[in-house]
């Protein structure tokens with residue numbers, strides 16, 4: 487891309503949060519620095535289609551009073567959907583180094599200071615429950631959005647983490663006509679009872695659910711069809727990993743790209759009405775393809791079950807990035 491394709495920048499509000507707007511000829515991107523540096527919206531301008539998913543309660547304003555309840559529920563109340571950073575924990579809460587690392591970790595709820603950079607916004611926060619300074623940069627150029635994250639260890643002892651980017655997609659991009667393609671890989675099942683599977687994992691797109699049923703991860707369902715899937719992809723065939731979501735009915739394709747060295751795994755989460763109780767009550771329809779440093783959910787479980795925790799040492803700075811490419815077959819594309 488040329489520099490002329492870089493985003494125009496603006497500042498506004500979204501649900502009471504300060505919002506940075508990045509606009510290119512192809513995309514409109516909204517970033518919320520005060521709430522995890524989340525990318526809360528990516529809209530394809532030619533089709534006026536919102537690509538990212540938002541839960542039914544939306545992005546709650548910063549003035550919303552916290553509800554009584556368990557920590558996981560309190561975190562989900564504040565989720566807002568979109569494209570989040572999960573660090574230093576992802577998934578299940580885990581007690582580490584004498585403190586609770588809650589559901590999806592601290593970063594996705596942390597307040598970031600920010601400044602505009604060429605074509606984007608750079609944000610920084612110091613975490614309270616782990617010894618890291620997190621810098622997050624979101625840049626939009628043409629039909630691409632890149633989220634780059636750096637973590638600096640400012641403590642005095644090695645720390646195990648689980649690091650995951652969490653872009654979640656919704657309708658109309660996802661639906662019965664949608665197909666999902668991945669760089670060749672194996673498909674590890676969920677381990678809800680913390681029991682390692684005895685069978686060798688199948689290759690993409692084959693997946694065996696916890697109940698033993700077979701699923702084709704490359705195909706999606708209609709909203710409300712009663713599906714729910716969780717799988718962990720790994721052992722990618724190529725150094726550069728690509729995940730492609732394509733809906734021919736609306737002529738849109740979203741591709742995620744990252745280095746296997748950065749994220750050697752990816753989490754696949756899909757909900758089409760299968761979870762009838764909290765938090766979705768059968769009303770969610772969302773697909774998340776999540777580049778990740780390890781698996782399964784929760785850093786303690788990653789350490790104990792698969793040995794895929796990432797250890798960051800004092801004084802070390804680690805940087806990882808994911809790029810999203812959006813293409814349209816519509817003739818009226820900008």
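Numbering (the numbering used here), first residue to last: 487 to 820. Glycine is no exception: its CB is placed at the ideal position from the N, C-alpha and C atoms.
Between residue 633 and residue 493, the CB-CB gap reaches or exceeds 8 Å. It is roughly 17 Å from the alpha-carbon of residue 686 to the alpha-carbon of residue 723. DSSP places residue 561 in the uninterrupted alpha helix (DSSP H) bounded by 557-563. Excluding the 5 residues flanking it on each side, residue 596 has same chain C-beta neighbours closer than 7 Å at 522, 611 and 613, in chain order. Relative to residue 619, the option among 604, 605, 607 and 592 whose CA is nearest is 592.
In this structure, DSSP gives residue 785 a helical state, which the three-state scheme calls helix. Annotation for residue 754: the continuous beta strand (DSSP E) segment containing it runs 751-758. Between residue 811 and residue 733, the C-beta gap is not smaller than 8 Å, which leaves the two residues out of contact. Under the three-state reduction of DSSP output, residue 792 falls in the helix class.
Residue 635 counts as buried, since no fewer than 16 other beta carbons sit within 10 angstroms of its beta carbon. Looking at the DSSP output, residue 591 bridges to 573. Secondary structure of residue 532 (DSSP, three-state): coil. The beta carbon of residue 727 lies closer than 6 Å to those of 669, 744 and 746 in the same chain, with the five residues before and after it left out.
Between residue 803 and residue 580, the alpha-carbon positions lie close to 23 Å from each other. Ranked by Cα distance from residue 602, the first of 534, 544, 495 and 678 is 495. By the C-beta criterion, the segment 756-766 is judged not to be in contact with the segment 688-698, since fewer than 3 inter-stretch pairs fall below 8 Å. In the DSSP assignment, residue 702 falls within the unbroken beta strand (DSSP E) covering 700-702. With respect to residue 788, residue 781 sits close: the two C-beta atoms are nearer than 8 Å. For residue 697, there is no enclosing beta strand (DSSP E), as DSSP gives it neither H nor E.
Taking 8 Å as the cut-off, the beta carbon of residue 753 is found closer than this to the beta carbon of residue 778.
If you compare the alpha carbons of 577, 707, 513 and 606 with that of residue 738, the shortest gap goes to 513.
DSSP, read as helix, strand or coil, puts residue 491 in helix. Shown here, residue 610 sits in a strand according to DSSP, grouped into three states.
Residue 506 sits in a strand when the DSSP states are folded into three classes.
Close CB contacts of residue 505 within its chain, under the 8 Å cut and outside five residues either way in sequence, are with 497, 498, 499, 516, 517, 518 and 526 (chain order). Secondary structure of residue 677 (DSSP, three-state): coil. In the three-state scheme derived from DSSP, where H, G and I count as helix and E and B as strand, residue 516 is classed as strand.
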